[in-house]
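Asker: After the structure tokens below, expect a handful of questions from me.
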Amino acid sequence: MELHLKKRIVGALLTVTAVALVLPVVLDGSRHNESLLQDVPPMPELPDWAVVEDERRVRIELQQLASGDAEQALQQAVPEVVSQDAAVPPRSQSDRTMPDEQGVPYAWTLQLGAFSDVNNANALRDQLRAKGYKAYTEAFPDGNLTRVYVGPELQRAAIETLQKKLQQELGQNDIHIKRYQPGR
1087 MELHLKKRIV GALLTVTAVA LVLPVVLDGS RHNESLLQDV PPMPELPDWA
1137 VVEDERRVRI ELQQLASGDA EQALQQAVPE VVSQDAAVPP RSQSDRTMPD
1187 EQGVPYAWTL QLGAFSDVNN ANALRDQLRA KGYKAYTEAF PDGNLTRVYV
1237 GPELQRAAIE TLQKKLQQEL GQNDIHIKRY QPGR
């Protein structure tokens, strides 16, 4: 037998077998109307302590909202505006990262400007990012000003070099070094 004839015979046998298996299922209408014998079981009873804990938690959250404690916990600290370079930390060299009294290492960032229009601040940030700088913005909590920063750097010498480079590149002399403190 030729190869294409063998393929046709095998295909015909598979088709007849598939039709023989599927046709009774399609013609038999009883399978479509089958329903589940059992419904989903009801939710089990919760112990009393679980409900009480939820009610206490909600009650405490409502009391915090009413007293203003929750709002105070969510408010950001007012960021410091710098008008001159931050001082080198005491008891440390400028090129070594030393922890402060709280154990947080010193890091440095550059403040490039403060904008009343968020779009202007974002445009400068995007322009700096396009040039390869680590730029970010930070808004005042009252929403009046948005500041643009470049950094942070762990070494003071690196941020001073970056400061000089940006002053020359942007033609701006009021770029100041500020201590970077995340979350503040």
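Just so we're on the same page, my numbering is the position in the sequence shown counted from 1, plus 1086. Beta carbons: idealized from backbone N, C-alpha and C, even for Gly. Since we're looking at a predicted model, the values are computed, not measured.
Pull up the DSSP beta-bridge partners for arginine 1233, would you.
Answerer: Answer is Ala1200 and Glu1224.
Asker: Residues bridged to arginine 1211 by DSSP?
Answerer: Paired residues: none, contrary to the question.
Asker: Quick one: grab the DSSP three-state call for lysine 1264.
Answerer: Residue state, collapsed to three classes: strand.
Asker: Compute the distance between the beta-carbons of glutamine 1197 and histidine 1262, then report whether it is under 7 Å.
Answerer: Yes.
Asker: Could you check the C-alpha separation between arginine 1094 and leucine 1107 for me, to the nearest Å?
Answerer: Going from the Cα of arginine 1094 to the Cα of leucine 1107 covers about 20 Å.
Asker: Count the other CB atoms within 10 Å of the CB of lysine 1264; is the residue buried (16 or more) or exposed (fewer)?
Answerer: Lysine 1264 comes out buried.
Asker: Measure the C-alpha to C-alpha separation of proline 1238 and glutamate 1131 and round it to an integer number of angstroms.
Answerer: Roughly 54 Å separates the two Cα atoms.
Asker: Please report the distance separating the alpha-carbon of aspartate 1212 from that of tyrosine 1192.
Answerer: In a straight line, the C-alpha of aspartate 1212 is about 26 Å away from that of tyrosine 1192.
Asker: Using 8 Å for Cβ pairs, my map puts valine 1236 next to alanine 1207. What's the rounded Cβ distance?
Answerer: That belief does not hold up - the Cβ atoms of valine 1236 and alanine 1207 are roughly 13 Å apart, past 8 Å.
Asker: Can you tell me the Cα-Cα spacing of isoleucine 1245 and glycine 1154, whole angstroms?
Answerer: Cα to Cα, isoleucine 1245 sits roughly 40 Å from glycine 1154.
Asker: If you drop the 5 nearest sequence neighbours on each side, which residues of the same chain put their C-beta closer than 7 Å to that of tryptophan 1253?
Answerer: According to the sequence shown, residue 1253 is glutamine rather than tryptophan. Same-chain partners within the cutoff: Asn1259 and Ile1261.
Asker: Taking 7 Å as the cut-off, decide whether the C-beta atoms of alanine 1221 and leucine 1214 are in contact.
Answerer: Result yes, Cβ atoms of alanine 1221 and leucine 1214 sit closer than 7 Å.
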